[in-house]
Amino acid sequence: MTPKHKHILKTFLNGSLRVAEFALNNVCIAKCSFCDIWKQKPKMYVEKEKGLQAIDKLADFGVAHITLTGGEPLMHPNIIDFVKKCTSRSIHSVVLDSAPSLITDEILDGLDEAKSDMISISFDSDDPKVFEESRRIPNIMGGIEDAVRRMKRTKMKSMASILIWNNNHDQMEKLFAKATDMGFDLISINYPTFSKSVLYPLGGEGISLSRANVIKSLQSIIELKKQKRYRIVNSIGSMENIIQYLTDPSTVRYECLGGNRVMFVDWFCDVRPCMQLPNVLGNILTMTKDDFATEPCNRCNMSWYRDFSTFFHGVKSLPIYKEAVTGSRGLY
Ligand code: SF4
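All the letters of the sequence shown, read from the start, carry residue numbers 4 to 335 under my numbering.
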C-alpha cells in the first residue's frame, strides 16, 4: 500500500475522509459533442496561490483524493505545482485529459516527479473516425496510443475514461479490449448525464440514449467485471445502484453525498455539491466544516459523485468495501 493509500485508509477510519473534483480552468482543446464547457467565456484559470491554498484547506477537511479537472487541467500553467501540493499533503491525485497532444514528455516528467498517481484519458470508441468526430481532435486515437506508451516509463497509471453513449453502449467488451490492447492500466465508466448547469453544461444528441439502453450497457459491464478480464474501477455495487436509480430512483441503496463527502471546487475556489447543482456552499479558502451540505441527494446519476458516495454509507457500504479489498474491484 502506498503512503497515499494509507492516508486514505487513515482518514476513512477516523471518519474525516472526503474526496474532491477541482476544476482548475474552463479552457479546453477538445470540442466534445456532449460537453459545452469549451464554449464558455471568459476563459478562467484558478490563480496559482489560491489553488495551492485551496488544496491545503481541502486537506485540512480530510480530502485524501483529488481529481484535477477543467476544461483541460493540463492547460493550466501551474498543474505540476498543484500536483506537488497534493503529494505534499498525502493526497492521491488524478489528472484528467481529453487531448493527448497535451501529454508531452516534459509534462509527463513533471507529473511523474510531482508524484501524480494517474492520468485519466477520455476514450469514446475503438473506431478512430468515430472517436475523432466525437472529440473533434484529428488523429486522437494515434495520439492516445502514443501517450499511453510513453506513460509506461513513469510510475503513473493510465486510465481509459469511457462515457456510455449512442455509439458504444452495446459494444463495451470491444471497447475494453481495445483500451487494454493499447496499454491502459484501468478503465472507468461514466454514466450519461444531462446537465443544464451554467458552470458545466452536459448533454447533446450523442448521449440521448434510452434508460433501457443505459441499463443494458451497465448490465453488460457488470458481467464483464465479474469475469475479472478487465480492470474496471466502478464497483458492481455502484453500477447496480445506478440501474436502480434509472429503474426507480426511490429504490436506490446509496444516495449521493455531494457537498458533504464528495464535492466540486471551481476555478474561483467556490465549493458546490457537484458540477450539476447551482448552489455554492462557500469558498474553500474561508469555509468551515459547518458549511458542508448535510442532506443526501438523489437528483442525477453522475458517475464520479455517485461512485465515491457509495463508500460513505456505514454498514450499507459493506459490499462496496468487500469489492474494494478483493483487489480487482476497488476504485483506483
Ligand atoms: S445526485 Fe447528482 S445533483 Fe445530486 S449531489 Fe449528486 S451529483 Fe449532484
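All C-beta atoms in this analysis are idealised placements derived from N, C-alpha and C, irrespective of residue type, glycine included.
Shown here, Ser-241 sits in a helix according to DSSP, grouped into three states.
A direct Cα-Cα distance of roughly 41 Å separates Glu-109 from Glu-258. Annotation: the region 269-303 contains no complete segment of the alpha helix (DSSP H) (minimum length 4 residues). Any heavy atom of ligand 1 counts here; residues with a Cβ closer than 6 Å to one of them, in chain order, are Cys-259, Gly-261, Pro-276, Cys-277, Gln-279, Leu-280, Cys-300, Asn-301, Arg-302, Cys-303, Met-305 and Tyr-308. Rounded to the nearest angstrom, the gap between the Cα atoms of Ser-161 and Asn-28 is 22 Å. Residue environment for Asp-112: exposed (fewer than 16 other C-beta atoms within 10 angstroms of its C-beta). When Phe-64, Asn-81 and Gly-73 are compared, the shortest CA-CA separation from Glu-52 is found for Asn-81. The secondary-structure analysis by DSSP pairs His-68 across a beta bridge with Val-22 and His-95. In the three-state scheme derived from DSSP, where H, G and I count as helix and E and B as strand, Met-159 is classed as coil. When secondary structure is reduced to three states using DSSP, Cys-31 falls in the coil class, being assigned neither helix nor strand. Cβ neighbours of Thr-70 within its own chain (closer than 6 Å, five residues either side excluded): Glu-24 and Val-97. Judged by DSSP secondary structure, Met-121 falls within the beta strand (DSSP E) whose first and last residues are 121-125. When secondary structure is reduced to three states using DSSP, Ser-200 falls in the coil class, being assigned neither helix nor strand. Excluding the 5 residues flanking it on each side, Ser-191 has same chain C-beta neighbours closer than 8 Å at Ser-123, Met-162, Ala-163, Ser-164, Ile-165, Ile-235, Val-236, Asn-237 and Ser-306, in chain order. In the DSSP annotation of this structure, the continuous segment of the beta strand (DSSP E) that includes Leu-189 starts and ends at 189-193. Closest in C-alpha terms to Arg-21, from the list Gln-247, Ile-218 and Phe-267, comes Phe-267. Taking C-beta separations shorter than 6 Å and ignoring five residues to either side along the sequence, the partners of Met-144 in its chain run Pro-131 and Phe-134, following chain order. Ile-224 and Asp-173 have their C-alpha atoms some 10 Å from each other. Distance check between Leu-280 and each of Arg-156, Lys-181 and Asn-301 places Asn-301 closest, using alpha-carbon atoms only.
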